[in-house]
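There are 2 protein chains.
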Amino acid sequence: YGHTLWKRGRQLITLTAIAVLLGFIAGCIQILTETLVNWKSGRCSRNWVLNKSFCCANIPKAGQKLLTKRDELKCIDDGLWHEWSNPLFGFFLFVILSLTFAMSSALMVKYIAPMATGSGISEIKVWVSGFRYKDEFLNLTTLIVKSIALPFAISSGLSVGKEGPSVHYATCCGFVITNWLLKHDLKFPEQAEYLIASTAGGVAVAFGAPIGGVLFALEEMSTTTEFSLSILWKSYYVALAAVATLQYMNPLRNGKIVVFEVSYDKDWHVQEIPVFIILGVFGGLYGNFISKWNVHFVSFRRKYLSKWRLNEVAVLALITALLSYFNEFLKLDMTESMGVLFHECIAGDGESVWTHRICQLDANTHVGAFIQILMSLLFATVARALLVVVSYGCSVPAGIFVPSMAVGATFGRAVSLIVERFFIGHNIITPGTYAFLGAAATLSGITNLTLTVVVIMFELTGAFTYIIPTMIVVAITRLIFSSLGARGGIADQMIIFNGFPLLEDSKEDMVFLRNYSALDIMATNISVLRSSMHLSELNDFLVHNSNFNGFPVVREMEKNALESECIGYISKSTIQTQLLIEASEDTSDQTIIHFDAQNVHRNGLQPNELNFSDLVDTSPVTVKPSMPLSILIRMFQKLGCKTILVEQKGILQGLITKKDLLKFQRLKHREIYGPLYVFNE
Amino acid sequence: YGHTLWKRGRQLITLTAIAVLLGFIAGCIQILTETLVNWKSGRCSRNWVLNKSFCCANIPKAGQKLLTKRDELKCIDDGLWHEWSNPLFGFFLFVILSLTFAMSSALMVKYIAPMATGSGISEIKVWVSGFRYKDEFLNLTTLIVKSIALPFAISSGLSVGKEGPSVHYATCCGFVITNWLLKHDLKFPEQAEYLIASTAGGVAVAFGAPIGGVLFALEEMSTTTEFSLSILWKSYYVALAAVATLQYMNPLRNGKIVVFEVSYDKDWHVQEIPVFIILGVFGGLYGNFISKWNVHFVSFRRKYLSKWRLNEVAVLALITALLSYFNEFLKLDMTESMGVLFHECIAGDGESVWTHRICQLDANTHVGAFIQILMSLLFATVARALLVVVSYGCSVPAGIFVPSMAVGATFGRAVSLIVERFFIGHNIITPGTYAFLGAAATLSGITNLTLTVVVIMFELTGAFTYIIPTMIVVAITRLIFSSLGARGGIADQMIIFNGFPLLEDSKEDMVFLRNYSALDIMATNISVLRSSMHLSELNDFLVHNSNFNGFPVVREMEKNALESECIGYISKSTIQTQLLIEASEDTSDQTIIHFDAQNVHRNGLQPNELNFSDLVDTSPVTVKPSMPLSILIRMFQKLGCKTILVEQKGILQGLITKKDLLKFQRLKHREIYGPLYVFNE
């Protein structure tokens, strides 16, 4: 009975297991991050281990279980949560803790799971598109290390975000759980579906944005593989269940999954559209330049800093801490800082006792104070942008979404100050919306995603009245970004930079690929199996050709193998598995192995013969030598082929692998358009 | 200069033109619909032509241009808008106008553009998947008629919605505009991208839901074709620009694109999850049964009512009007009625003066009043559901989304009454949310969409705190729906019922298709072109084979054409176009036409010879006879092939078209699983 249940509910049980594990890990990471961040600014007088939320958790009245902003202020006033009052002590503790956290993270990554470094989105994208990467990239150790090193990296104050690593540990969950539960009947493409669904869950828990997560899986992950409703449903389910688990854990103690809830109740004006365009343009420029410079810096790091990875992290953490401590927007945790910037600045609402200095600007504000706060915002924009360039890709778990949003938010808020003071006047626009739109622009610029960004922004803030401005800003960003000739978001650029295999069908490539045909790239010097072979021959053959994954089988007509009729294709692992099975019986070196069903039918099977013909795929995908590469690339991409045979009149001419095609495409692209990245070498 | 601009901005200009036209039409339709609906209940004392919004448009003060609910009530009090006070006169006018509107719509459709009937989503889905339907389906006449007949159909009170027809007229816009602007360089797959983007715009304007529209294009339309980022971007742009145009027109005079804005500020409770499950189950059952019964009714209609289409509409409109007039939830326009049901029922907020009787229920309400309102809701649920079964597919433009949502909303609200009275008590839950969730469930049940439904519901209401309940309800609906063995949403069922060609790769089909190969379905009796032919021969050949779209070209070796080497494939239209061009020169019947480049190279081109070899596709997609159908179906689907040649050792064996494969698939499915629909014939 349990067996039938398992058989019917296999998929659902697996997905639920992935999602619950994922939500649980996300909750723990949130609590740990908040604790570490809070340690930098104060301590709980009840118990120094607790973070602010947990320390204050018994403030709200019995009936109401959730922590509001007002409760938090009361908590500080009551002395339950004690903020460091000595400025010198506060400064040193800030710097020392930042350094300690960054080094802990870097050490864990270096000595336990080197694969846990960086973002991971590029590698996962390549994996699900059909190229299996190293197993260590997704195993249990990496999962554990990434989950622990991530909070340390974030709370060190480095300009790194948590969404890339979230996607990575989510995919680890998917890999570990599917390997454990579905061990026996797991095929690569099926597992890839679970992994894509896990990435949806990863983004969902990182932003508390279930729909955004599903769209991320669709727009970023599924584009290189085949999009199907089955992937959509799996992603939907994992994202939902993971976020529900997270909400049930309630790690922020305020019952919210929307991180910076705002209520923009003023509508936008048509006159603001030029401002939206400016924000969109900024996002496009940011995306283009930051990703280009980051790639340059990664190349520099690889060449000159590879032996100094730990020192690099330490220096970065130190510089970041020193720069940040004296700027009010950099000093705060990035999400907190965005909360301030997005704030609608409307007094009167009972809940919003909390007001920041930035909300108290009006027409009477002294020019000095105005310029001081404007400079502070612009400094934060530039400093954060430069820090992103050097921090993304250093040896700790590091994402780029949230830091990019922070850059956009400070820029947008600065624009709002200028617009209010010099163009429109106060109390007409909602200044927080410009920060919100700026964040959307930079996020879209760096990732080159459109719909996903719009949805994530709404799920983060709930600012639904601003749907059209947000869509306009993102559309402008996208137009600017693509008119600058950039090639995909940062994940795609990293794939190209690292030389990972990934088939893309960019239109320009399609045009020049039309001029080449299968003849130009096929390997002609191929190892083929004959239709009947002695076992000893076969063993020798396998030893000599251990670097191939499979072999065409030919029926010999002429001496030259290349003049022979091809009867099928067989993968190496299939032969090896079958040989192991048959080895238990009495086989000798003289045993003859038949790959051709005709031989077996004609002569019957003798005692010392084995029939392997059932294992041969007798209808592999074949093309003629004249097949243009533009169609060939679609066959690899859409049919999921790994190897395509080239035949002319039934005679085997050559063989093409996905990787051969990819190498050729990159080479030609380089010849025609120049190298994608030029370094002063 | 203008030429370069056009060349670079071609795509953007075309998309903008589609979107602006679409937004404009949508605005006009909204105004016309509201006018007709308002006529049924009252008249404007200023000018009887005006609808309520326009009649009251000068009520708000000068500074504030938007019409609020309070202004509308004031407008009625002031006597500007006059509601019919005589009940008998009101009743007769209601019935007579309902009938008149329904008949106007039906007459327009019948005599001017018969293709404008029904929903249109199924046909568009088939079209964009690669099977061109009749041009009249998307031409200008259909566009005009559908845009005018739709408001009449909706305002007649029939249980039909506007989203299917919106998708249809949007696609007409896309078709008309692309044919006009891109005439010269428009290929079928490229146009299909524009059409898909238009469908996104159609849903976007129907619901004021730009993101929902894009997701609809993705989840409903793109699944049968190849999903790409280019389609996503086009859809995004069209949806954005169309909604922005609509908002600029401001047809409702209240500046909103969110139709029923609600502000659910109470959070949901974990204890409510069983209720969410009940609503989800209802949605699944509704989707399954209503679509099944509707298909039955459509079959009945086709058999017995085909000569009485106009009478049928009249009878339906009469019955609907009589049923509706005496039920408060049926009498209102469906969107208005949902506005009442979704309402959060919280007094005190300055804006919400308007309260409905249903919001005034509390623990002290008399049992009689409670039962009366409960019965009223349940009656509305059942009556509307039955009306949907018989109305969807009658001879007027008719969608099924909104009526389904209305059914779910009344059911959900009924559940909320029961839960409040018997289980939880008053003022704990927000009863309007159950109506909201019920609507999500039935919408998901009837369309079998998941993500799209969730996003549309949020864009309609802005109720973002209910994201997890909504996702849970939709997930349950989907699980129930698929466990009942239903095959896709209503659009897919209509495709199967009508026998439209559409390749699907359901898993069960893939399993049995693995047992058949190309050999089983290929056409062997095929017409082939020889490598050199006389013009007269060729003309005869084309006349005799006018029902084929293209021909293989063979190099004769033996007498029998099937023993010949195949050198390529050429489409009929290519030959015909080229013949027209060459006809201007001096050709005679004795002119020899060469399809084989080898012949031309070997002998050179004589004066009376023409070289057509460049037109031949020398590397068509070919397979061996043993290729399993499960792979073949993917080749058709993913590579966009229309015809695949079957070769063995370079010798042409046969030919398979997409339609052949499809017929075979349906036939075998029927043999194995029984017919999809069984009627008592």
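One line per chain: the protein sequences are E and B, in this order. The numbering used here applies: residue 26 is where the first sequence begins, and numbers increase by one. The numbering used here applies: residue 26 is where the second sequence begins, and numbers increase by one. Note that CB positions come from ideal geometry on N, CA and C, so glycine has one too. Source: prediction; values computed, not measured.
Measuring straight from C-alpha to C-alpha, what distance separates residue i and residue j?
i, j, result
"Gly-510 of chain B", "Leu-61 of chain B", "41 Å"
"Ile-606 of chain B", "Phe-162 of chain B", "31 Å"
"Val-185 of chain B", "Ala-466 of chain B", "18 Å"
"Pro-650 of chain E", "Arg-35 of chain B", "36 Å"
"Lys-684 of chain E", "Phe-314 of chain E", "30 Å"
"Ser-324 of chain B", "Gln-518 of chain B", "12 Å"
"Ile-505 of chain B", "Phe-537 of chain B", "25 Å"
"Ser-571 of chain E", "Pro-577 of chain E", "15 Å"
"Glu-148 of chain E", "Phe-241 of chain E", "15 Å"
"Met-318 of chain E", "Ser-181 of chain E", "The sequence as given places Trp at residue 318 of chain E; Met does not occur at that position. Looking at the two C-alpha atoms, the distance is approximately 23 Å."
"Lys-291 of chain E", "Thr-455 of chain E", "7 Å"
"Met-720 of chain E", "Gly-145 of chain E", "Only positions 26 to 706 of chain E appear in this structure, which leaves residue 720 of chain E out of reach."
"Tyr-789 of chain E", "Ala-234 of chain E", "This structure cannot settle anything about residue 789 of chain E, because the visible part of chain E is limited to 26 through 706."
"Leu-168 of chain B", "Cys-197 of chain B", "6 Å"
"Arg-691 of chain B", "Gly-665 of chain B", "20 Å"
"Pro-139 of chain E", "Pro-422 of chain E", "10 Å"
Below 7 Å CB to CB, which residues in the same chain sit around residue i once its five sequence neighbours on both sides are set aside?
i, result
"Arg-270 of chain B", "It should be noted that the sequence gives Thr, not Arg, for residue 270 of chain B. Around Thr-270 of chain B: Ala-44, Val-45, Gly-48 and Phe-49."
"Asn-452 of chain B", "none"
"Arg-15 of chain B", "Because chain B in this structure spans residues 26 to 706, residue 15 of chain B falls outside the shown range and cannot be described."
"Ile-137 of chain B", "Thr-166 and Val-170"
"Asn-624 of chain B", "Ser-556 and Ser-557"
Excluding five sequence neighbours on each side, which residues of the same chain lie with their C-beta closer than 8 Å to the C-beta of residue i?
i, result
"Ile-617 of chain B", "Ser-557, Met-558, His-559, Leu-560, Gln-631, Asn-633, Glu-634 and Leu-635"
"Arg-157 of chain B", "Phe-213"
"Trp-31 of chain B", "Ile-38"
Residue j and residue i - do their beta-carbons sit closer together than 8 Å?
i, j, result
"Ile-520 of chain E", "Lys-150 of chain E", "yes"
"Ile-697 of chain B", "Thr-643 of chain B", "no"
"Val-306 of chain E", "Ile-501 of chain E", "yes"
"Leu-122 of chain E", "Trp-64 of chain E", "yes"
"Glu-188 of chain E", "Val-228 of chain E", "yes"
"Thr-435 of chain E", "Leu-207 of chain E", "no"
"Phe-200 of chain E", "Leu-220 of chain E", "yes"
"Ile-256 of chain B", "Ala-42 of chain B", "no"
"His-381 of chain B", "Val-392 of chain B", "no"
"Gly-308 of chain E", "Gly-155 of chain E", "no"
Give every residue of the same chain whose Cβ lies closer than 6 Å to the Cβ of residue i, excluding the five residues on either side of it in the sequence, and list them in chain order.
i, result
"Ala-231 of chain E", "Lys-187, Glu-188 and Ser-191"
"Thr-142 of chain E", "Val-134 and Ser-420"
"Phe-177 of chain E", "Phe-126, Ser-129 and Ser-130"
"Val-641 of chain B", "Val-578, Gly-593, Ile-595 and Phe-620"
Nearest chain D C-beta to residue i closer than 8 Å, yes or no?
i, result
"Gln-296 of chain B", "Checking the listed chains, one finds no chain D in this structure; the protein chains it contains are E and B."
Chain E contacts made by the stretch 634 to 655 of chain B, where a contact means CB separation under 8 Å: Along the stretch 634 to 655 of chain B, going in chain order, the ones with a CB nearer than 8 Å to a CB of chain E are Thr-643, Ser-644, Val-646, Thr-647, Val-648, Lys-649, Ser-651, Met-652 and Pro-653.
Sufficient close CB pairs (3 or more, under 8 Å) joining the stretch 458 to 467 of chain B to the stretch 425 to 439 of chain B: At 8 Å Cβ cutoff, the stretches touch.
Residues from the stretch 670 to 697 of chain B in contact with chain E, defined by Cβ distance under 7 Å: Correct list: Gln-673, Lys-674 and Gly-675.
Cβ pair count under 8 Å reaching 3, the stretch 114 to 133 of chain B against the stretch 214 to 227 of chain B: These segments do not touch.
Any 3 or more C-beta pairs closer than 8 Å across the stretch 464 to 482 of chain B and the stretch 104 to 111 of chain B: The stretch 464 to 482 of chain B makes no contact with the stretch 104 to 111 of chain B; the number of CB pairs closer than 8 Å stays below 3.
Three or more C-beta pairs below 8 Å linking the stretch 669 to 677 of chain B and the stretch 659 to 676 of chain E: Contact holds: three or more Cβ-Cβ distances are below 8 Å.
Interfacial residues, the stretch 479 to 495 of chain E to chain B, with Cβ spacing under 8 Å: Look at the stretch 479 to 495 of chain E: the residues with a C-beta under 8 Å from a C-beta of chain B are Val-479, Val-480, Phe-483, Glu-484, Gly-487, Phe-489, Thr-490, Ile-492 and Ile-493.
Residues within the stretch 512 to 523 of chain B neighbouring chain E, beta-carbon criterion of under 8 Å: Residues passing the 8 Å Cβ filter: none.
Residues of the stretch 255 to 278 of chain E whose Cβ lies closer than 7 Å to any Cβ of chain B, in chain order: Near chain B, meaning a CB-to-CB distance below 7 Å, the residues of the stretch 255 to 278 of chain E are Leu-257, Trp-258, Tyr-261, Tyr-262, Leu-265, Val-268, Ala-269 and Gln-272.
Near-chain E residues of the stretch 537 to 563 of chain B - C-beta to any C-beta below 9 Å: Cβ contacts with chain E: Ser-542 and Ala-543.
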